[in-house]
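Q: My questions all concern the structure below.
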Amino acid sequence: NSDSISPLNDYSPLPSSDQTINRFQPILDRFDYITKNAAEIQSDILRSIIRENVSCEYLQQFEGIEELSSWAAAETESETADLTDDMTRSNKIRRDANYIHEFKETVPLITHPDIMPFIQRIAEHGNDSLPRGLLTAAPVEGLCLSSGTTDTKAKYLLYHHGLREGTLEVASIAAAFREG
Numbered sequence: 165n166s167d168s169i170s171p172l173n174d175y176s177p178l179p180s181s182d183q184t185i186n187r188f189q190p191i192l193d194r195f196d197y198i199t200k201n202a203a204e205i206q207s208d209i210l211r212s213i214i215r216e217n218v219s220c221e222y223l224q225q226f227e228g229i230e231e232l233s234s235w236a237a238a239e240t241e242s243e244t245a246d247l248t249d250d251m252t253r254s255n256k257i258r259r260d261a262n263y264i265h266e267f268k269e270t271v272p273l274i275t276h277p278d279i280m281p282f283i284q285r286i287a288e289h290g291n292d293s294l295p296r297g298l299l300t301a302a303p304v305e306g307l308c309l310s311s312g313t314t315d316t317k318a319k320y321l322l323y324h325h326g327l328r329e330g331t332l333e334v335a336s337i338a339a340a341f342r343e344g
């Protein structure tokens, strides 16, 4: 659809200031919504991550992950209802906070070395048959190296569709703020 051209793919001549603001307004509005509803958005993202990846080998090692998957599998209220009512929003945030706490208790915070054995198993397969279900249910499109800025040593990172989409969204937000 030519009406929904992303600012990243639009190579037309630079618009006037008023046209730039209008072109980027939906992106700025989405960013504004996300920042004003951060707790709900983060809860929904965690639910989605658990729902999509609960069967992965990495998460299956944690006792209690199956119970969390039932919370994640339930449709979020923001997917099924208008959360303009402050009481409904506050109840959702409070309820989800309990599950988020349980998730933190079930799945520990990790560092890159903790998942390196999984990454090595993925790397051993090569690009022709990258396995699914070790760290993510999403098909792994490849491995890339970090810049090594944390401890001057580059680390292998998984690359998949969700990461690409997230990177493009961040880039479009940055462009909207820069240009808008």
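Residue numbers (the numbering used here): 165 to 344. For glycine and all other residues, C-beta sits at the position ideal for the given N, C-alpha and C.
To the nearest angstrom, how far is the alpha carbon of I169 from that of S336?
A: What you label residue 169 is simply residue 5 of the sequence shown in a count that begins at 1. What you label residue 336 is simply residue 172 of the sequence shown in a count that begins at 1. Bear in mind that the predicted position of I169 carries a pLDDT of just 37, short of 50, making it too unreliable to give a figure here.
Q: In the DSSP assignment, find the beta strand (DSSP E) that holds V304 and state where it starts and stops.
A: Reading the sequence shown from its first residue, position 140 is the one you call residue 304. Run containing V304: 304 to 309, per the beta strand (DSSP E) assignment.
Q: Which stretch, first to last residue, makes up the beta strand (DSSP E) that contains L321?
A: The sequence position of residue 321 within the sequence shown is 157, counting from 1. Run containing L321: 320 to 324, per the beta strand (DSSP E) assignment.
Q: Shortest alpha-carbon distance to G297 belongs to which of N217, P190, S212?
A: On the sequence shown, residue 297 is found 133 positions in, with the first residue counted as 1. Answer by Cα proximity: N217.
Q: Suppose the cutoff is 7 angstroms on Cβ atoms and the five residues either side in sequence are ignored; what does the same chain contact list for L299 look like?
A: Along the sequence shown, one-based indexing puts residue 299 at 135. The residues are C220, Y222, I279, F282, L322.
Q: So within the segment 192 to 246, which uninterrupted beta strand (DSSP E) runs reach at least 3 residues, ignoring any that extend past its ends?
A: Counting whole runs of 3 or more residues, the segment 192 to 246 contains no beta strand (DSSP E) stretch at all.
Q: Whole angstroms is fine: what's the gap from S254's alpha carbon to I198's?
A: Counting from 1 along the sequence shown, the entry for residue 254 is found at position 90. Counting from 1 along the sequence shown, the entry for residue 198 is found at position 34. If you take the alpha carbons of S254 and I198, they lie about 16 angstroms apart.
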